[in-house]
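Visitor:
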Amino acid sequence: MQSVDIKNLEILKSKLKGELHFDDLMRKLYATDASVYRKLPLAVALPKDNEDIKHLIDFAKRQNTSLIPRTAGTSLAGQCVGEGIVVDVSKYFTRILDVNETEKTVTVQPGVVRDELNNYLKPFGLFFGPNTSTSNRCMVGGMVGNNSSGTTSIQYGVTRDKVLSLKTILSDGSEVEFSSLTSEEFQSKTKLSTLEGKIYKTLFETLKSESVQVQIIENFPKPTIHRRNTGYAIDELIKSEVFSNSTSISDSISSSSSTFNMCHLLAGSEGTLAFTTEITLQLDDLPPTESAMIALHFESIEACLKSVLHLMKHNLHTCEMMDDSILNLTKHNKTQQENRAFIEGNPVAILMCELKANSVEDLQIEIDAFLTTVKTLNLSYANPVLKGDDINNAVELRKAGLGLLGNLIGDKKAVACIEDTAVALEDLENYISEFTKLMTSYNQNAVYYAHAGAGELHLRPILDLKQAEDIKLFREITTAVAQLVKKFNGSMSGEHGDGIVRAEFIPMMIGDDNYQILKQIKSAFDPSHIFNPHKIVDAYPMDKNLRYETDRIEPKIETILDFSSSEGILREAEKCNGSGDCRKLPEFGGTMCPSYRATRNEKDTTRARANALREFLTIPTAIGNEKANKFNHKELKQVFDLCLSCKACASECPSSVDVASLKAEFQYQYQKANGVSFRTKLFAFNNRLNGFASRVPTLTNFMFSNGFTSSIIKSIGGIAKERSLPLLSIKTLYELHEASKNHLDSTEKIKEIYLFCDEFTNHLESEIGLDAITLLTSLNYKVNIISHSESGRAMISKGLLKDAKKVANENVSIFKTIISNHTPLIGIEPSAILTFKDEYIRLADNKEAAIAIAKHTFLIEEFVQQEIKLGNITSEQFTKEEKIIKLHGHCHQKAMSNQKSSFDVLNLPENYKVTIIPSGCCGMAGSFGYEKEHYDVSMQIGEQTLFPAVRKASDETIIAANGTSCRHQIKDGTGRVAKHPITILREALLKS
């Protein structure tokens, strides 16, 4: 492929209504997907309409380059990587165009998220059945390209079964709609003197002979395997009346259709034949309302798989398997720990079988029949029946499986290469038996993660693809498994596609003669091979163009934060496997990733930040310049710019990539080379400034609130003019505590606690601190406040890690002999107190002491929640008044603690009705929302869920938020004053 002059790219950019990027950063961000491959693209395009796509097609033909279509970029086989222009339709091709309730169809653009579509369809009583593990961010266009299926395929089929018509742009720029055709209509198409006509004519001439059809039937995967996606689906095309020219052939095909539909070929073609712009899908009625999941626990893989064929005789909606490799990984992921409640003992495998019915009575009949079969088989040792939220929790546990595989510490990872094999159910047990022997011969303990009911097993060898020795195994194992799959006449690609990793095995899987037919079809559609070349036909080698340089010398990167738990900062970034969980939208809950939710730019995802850091930290340094600052890249500054350090990624990312810590370290290293700005110092050392200002709080507050003086302050500080500045408390919390000691002391103490006097509460909201002291003292707790350093949160967020380290060491030294199980450390402001449980462990010199303190450090709501459970605090101590409360939780609390503690505390007064706003991040994030260049994004984040929920609340409804930044954001965004939960509880306290 020839190089393209930058001037030609500039000309192309000027023609597009959308975006074209060819800078180093964007090219690197799109060089990988969720596979093991990396290819640096020429450019990245985000087209806005069909005309943009036509311009791109014309450019690719004239410049001898290619177009690689992409939606969410979650492909596991390398479909989305290539040397040409990556065409990302996920930002602008996102409309749901039409719903036909009568016909039960929907027409969408390819960038519509699957779960977003089903949320839209729910009021119509309809849904799109195929359901992948990435359904909250994968897009319909990608699902068509891969012929995705997912957990529900045993009931609702695969994507190919649902595609009715596709509007496409062909390689000559012509717009063509493919849909169902009768034999007569098909023949009319072959007579067209257009590219479309040539395509139909080529297909007919190639597939019409009986011998070719026999050849296809004999060599393609068994038709009973509904998850088969090897090469182009010519085995589907010959089912139509157009090719049903022989009774013997018709008898060999399990189900013939009367009409021909090119969509059956395009589904699973991975964007190699045409560029899809609109998709019309057949929908199903919503599933039955009553459901139960039986989670069968097994002591061996063999026992689990032996059960499948028998259990599938029941009307199962899902039949999914996980092995102990994945189950053990979930123990170390905070979010998934909560989803493990149904697990009994230590199963080697769990088979999750879901039943559905339209009534409780009918469901129970199905459950009883199913359990009778289970009892007869006598292969499982525990069979808990899950209902309601327990089903959702189990499903989420399984969905997280692929991402959790990235949690393997070190360079050995579970590698996607043989993870998509499918065989007929009757062959499953024997296939796995031989597969296990094969893996044993390679000293592999494979990871079993399966759509067992569909005969598809996501089996992954553990390999280090940085090492030539394991790359050799990568090929050997894949080749051996391909031969085994062929032996059982199975499919090497069930639903993840051929891409790069499996495409070169297609000739083996379907025979050379059939492979030549695929090449003819590719050339008919795409004579210049501009659409995603070297996928399916003329394949790239499966062991080249890998994400990492082979046998590289690992760069030595010294950091001030301790990343030893991941074996260094580079491996912390490399934990990201590209699964794209950070692209989920606000309606699907959680917090990650607030900046992406605002901008919808790949650059602003957690994945992009990890990828960028991996890319730039591994750029070879010149000889003699080995000590050069590897972080000193403007591109890294750009990609981290909109990171709010919310920490959601540390808990919501299945691979637990802690981008907030990566950002803090980057800022520290970058500022070593480029200096620290005035504004950075202003925010980082705001506690010191507030200490000076608190000597004259009335004057300070006048200057902060006066329009003229505050505008000058904002201008000097680079603060958004729309922001209000936080006002100082007239007295600090230290002062209030000293003054209240004599009045609030109690004789009988349940416990003694130490209250951390954080810098925000001390100077800006000391009344909340006093509320905490009043509440706990009134409830018979001894509250101590001692002299200590600030938390260092502002320093950490601004990358001044040497200063933060000093603070951490001081606080660890102060508290190490005081804090224990009997005298815990309690904090009011989540971002401050949780530094003890997070960054201090990475920063403190005395790590052992830091860890010991962390074990006994709690948010004040956590402490009260524990005391409620112990019976030390009861609802009898609080008002019987009725109040309605809406709660917004702090990001750091959600990531490192649990907002349920705030919820439980607020529900203590028996007539308080509390609901949690599913709001994610508020958008303020400390100084982020104050900074003038971040103000708009900050407010966009607030507008996603939080602001509308607050505005919708009645004036009588109390808005609760335990973060100081959150309360300020709510005030600036809605005009409502939010209260800390402890203030609300103190106000509810009965007077003694």
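If you number the sequence shown the way the numbering used here does, the last residue is 1420 and the count never jumps. C-beta atoms are modelled at their ideal positions from N, C-alpha and C, and glycine is treated no differently. Since we're looking at a predicted model, the values are computed, not measured.
Quick check: the region 492-502 against the region 699-706, are at least 3 beta-carbon pairs closer than 8 Å?
Guide: As far as the Cβ criterion goes, the region 699-706 touches the region 492-502, which means the pair count is three or higher.
Visitor: Helix, strand or coil for MET920 per DSSP?
Guide: Within the sequence shown, the letter at position 492 stands for residue 920. In this structure, MET920 counts as coil in the three-state DSSP scheme.
Visitor: Which one of GLN1397, ASN1239, PRO955, ASP971 has the shortest CA to CA distance from ASN492?
Guide: Indexing the sequence shown from 1 puts residue 492 at position 64. Here the closest residue by C-alpha is PRO955.
Visitor: In the DSSP assignment, what residue or residues form a beta bridge with ASN574?
Guide: What you label residue 574 is simply residue 146 of the sequence shown in a count that begins at 1. Answer is none; ASN574 lacks a bridge partner.
Visitor: Cα-Cα, which of ILE890, GLU857, GLU789 is closest to ILE837?
Guide: Numbered from its first residue, the sequence shown carries residue 837 at position 409. Nearest of ILE890, GLU857, GLU789 to ILE837, Cα basis: ILE890.
Visitor: By alpha-carbon positions, which one of ILE1201, GLU1267, ASP543 ends up nearest to LEU1228?
Guide: The sequence position of residue 1228 within the sequence shown is 800, counting from 1. The candidate whose alpha carbon is nearest that of LEU1228 is GLU1267.
Visitor: Under DSSP, the beta strand (DSSP E) around ASP526 begins and ends at which residues?
Guide: Within the sequence shown, the letter at position 98 stands for residue 526. Here the beta strand (DSSP E) through ASP526 covers 524-528.
Visitor: So, for ILE997: in the same chain, excluding its five sequence neighbours on each side, which residues have a beta-carbon less than 8 Å away from its beta-carbon?
Guide: Numbered from its first residue, the sequence shown carries residue 997 at position 569. Excluding sequence neighbours, ILE997 sits near ILE985, THR987, LEU989, PHE991, LEU1041, LEU1045, LEU1090, GLU1093.
Visitor: Buried or exposed: which applies to ARG523, given that a residue is buried once 16 or more other Cβ atoms fall within 10 Å of its Cβ?
Guide: On the sequence shown, residue 523 is found 95 positions in, with the first residue counted as 1. By the 10 Å Cβ count, ARG523 comes out exposed.
Visitor: If contacts are defined as beta-carbon pairs under 8 Å, then ASN786 and THR717 qualify, I think. What distance do you get, rounded to the angstrom?
Guide: The sequence position of residue 786 within the sequence shown is 358, counting from 1. The sequence position of residue 717 within the sequence shown is 289, counting from 1. Right, the Cβ-Cβ distance comes to about 6 Å (below 8 Å), so this counts as a contact.
Visitor: Whose C-beta lies closer than 8 Å to the C-beta of SER1139 among residues of the same chain, with five residues either side of it excluded?
Guide: Taking the first residue of the sequence shown as position 1, residue 1139 is located at position 711. These residues qualify, in order along the chain: LYS1149.
Visitor: Would DSSP call ASP1009 helix, strand or coil?
Guide: The sequence position of residue 1009 within the sequence shown is 581, counting from 1. Reduced to three states, the DSSP call for ASP1009 is helix.
Visitor: So, at 6 Å on beta carbons, what are the nonlocal neighbours of LEU1110 in its own chain, with the 5 sequence-adjacent residues on each side left out?
Guide: Taking the sequence shown and counting its residues from 1, the one referred to as residue 1110 is at position 682. Same-chain partners within the cutoff: GLY1145.
Visitor: Per DSSP, which one or two residues make a beta bridge with ALA967?
Guide: Here residue 967 corresponds to residue number 539 of the sequence shown, with the count starting at 1. ALA967 pairs with nothing; no bridge assigned.
Visitor: In the DSSP assignment, what residue or residues form a beta bridge with ASN559?
Guide: To locate residue 559, count along the sequence shown from 1; it is residue 131. DSSP output for ASN559 lists GLY578 as bridge partner(s).
Visitor: Starting from GLU387, trace the alpha helix (DSSP H) both ways and give me its first and last residue.
Guide: Residue 387 lies beyond the stretch modelled for the chain, which goes from 429 to 1420, so this question has no answer here.
Visitor: Among ALA844, GLY557, ASN1335, ASP486, which residue has its Cα nearest to the Cα of ASP543?
Guide: For the purposes of this step, residue 543 is taken as the residue at position 115 of the sequence shown. Per the Cα distances, GLY557.
Visitor: Under 8 Å by Cβ, that's how I've got ASN1005 and SER1083 pegged, so tell me the actual separation to the nearest angstrom.
Guide: In the sequence shown, residue 1005 corresponds to position 577, counting from 1. In the sequence shown, residue 1083 corresponds to position 655, counting from 1. Contact holds; Cβ gap of about 6 Å.
Visitor: So which of VAL586, GLU479, ASN528 has the shortest CA-CA distance to ASP600?
Guide: Start at 1 with the first residue of the sequence shown, and residue 600 comes out as number 172. Checked all of VAL586, GLU479, ASN528; the closest Cα to ASP600 is GLU479.
Visitor: Distance, Cα to Cα, ALA1232 vs ILE1242?
Guide: On the sequence shown, position 804 is the one that residue 1232 refers to. On the sequence shown, position 814 is the one that residue 1242 refers to. When rounded, the distance between both Cα atoms is 15 Å.
Visitor: Taking just the CA atoms, how far does THR1302 sit from ALA1416?
Guide: Start at 1 with the first residue of the sequence shown, and residue 1416 comes out as number 988. Start at 1 with the first residue of the sequence shown, and residue 1302 comes out as number 874. Spanning the two alpha carbons is a distance of roughly 12 Å.
Visitor: Rounded to whole angstroms, what's the CA-CA distance from ASN547 to ILE481? Just pull it up for me.
Guide: To locate residue 547, count along the sequence shown from 1; it is residue 119. To locate residue 481, count along the sequence shown from 1; it is residue 53. Computed Cα separation, rounded: 29 Å.
Visitor: Residue range of the alpha helix (DSSP H) that ARG498 falls in?
Guide: Position 70 of the sequence shown holds residue 498. Taken as a continuous stretch (DSSP letters only), ARG498 belongs to no alpha helix (DSSP H), being part of the beta strand (DSSP E) at 495-498.
Visitor: Would DSSP call PHE1136 helix, strand or coil?
Guide: One-based indexing of the sequence shown puts residue 1136 at position 708. Residue state, collapsed to three classes: helix.
Visitor: Can you name the residues that DSSP bridges to HIS879?
Guide: Taking the sequence shown and counting its residues from 1, the one referred to as residue 879 is at position 451. According to DSSP, HIS879 bridges with GLU884.
Visitor: So, HIS745 versus GLU782, is the Cβ gap smaller than 8 Å?
Guide: Translated into the one-based positions of the sequence shown, residue 745 becomes position 317. Translated into the one-based positions of the sequence shown, residue 782 becomes position 354. Cβ distance < 8 Å, so HIS745 and GLU782 count as in contact.
Visitor: What is the DSSP secondary structure of GLU977, reduced to helix, strand or coil?
Guide: Taking the sequence shown and counting its residues from 1, one reaches residue 977 at position 549. It is coil, neither helix nor strand.
Visitor: What distance in whole Å lies between the Cβ atoms of LEU474 and GLU447, which are believed to be in contact at a cut-off of 8 Å?
Guide: Along the sequence shown, read from residue 1 onward, the residue named residue 447 stands at position 19. Along the sequence shown, read from residue 1 onward, the residue named residue 474 stands at position 46. Confirmed, about 4 Å.
Visitor: Who are the near neighbours of GLU1193 in its chain, counting only those whose CB is closer than 7 Å to its CB and skipping five residues on each side?
Guide: Within the sequence shown, residue 1193 is the residue found at index 765, counting from 1. Contacts found: SER1157, THR1392.
Visitor: What would DSSP say about ASN811, mapped onto helix, strand or coil?
Guide: To locate residue 811, count along the sequence shown from 1; it is residue 383. Reduced to three states, the DSSP call for ASN811 is coil.
Visitor: How about TYR876 and LEU885: are their beta carbons less than 8 Å apart?
Guide: On the sequence shown, position 448 is the one that residue 876 refers to. On the sequence shown, position 457 is the one that residue 885 refers to. Closer than 8 Å, so yes.
Visitor: Could you tell me if LEU525 is buried or exposed, where buried requires 16 or more neighbouring beta carbons within 10 angstroms of its beta carbon?
Guide: Taking the first residue of the sequence shown as 1, we reach residue 525 at position 97. Exposed.
Visitor: Our contact map puts LYS443 next to HIS483 with C-beta atoms below 8 Å; I'd like the distance itself, whole angstroms only.
Guide: Here residue 443 corresponds to residue number 15 of the sequence shown, with the count starting at 1. Here residue 483 corresponds to residue number 55 of the sequence shown, with the count starting at 1. Indeed they touch by this definition, with Cβ atoms about 5 Å apart.
Visitor: Looking only at its own chain, which residues have a Cβ that is under 7 Å from the Cβ of THR763, when we skip the five neighbours before and after it?
Guide: What you label residue 763 is simply residue 335 of the sequence shown in a count that begins at 1. Taken in chain order, the residues that qualify are SER1079, GLU1080.
Visitor: When the Cα of ILE1047 is compared with those of ILE778, LYS1322, GLU977, MET749, which residue comes out closest?
Guide: The residue labelled residue 1047 in the question sits at position 619 within the sequence shown. The shortest C-alpha separation from ILE1047 is found at GLU977.
Visitor: Relative to the C-alpha of CYS1071, which residue among LEU1204, CYS1319, TYR968 is closest?
Guide: Numbered from 1 along the sequence shown, position 643 holds the residue referred to as residue 1071. Considering only alpha carbons, the answer is CYS1319.
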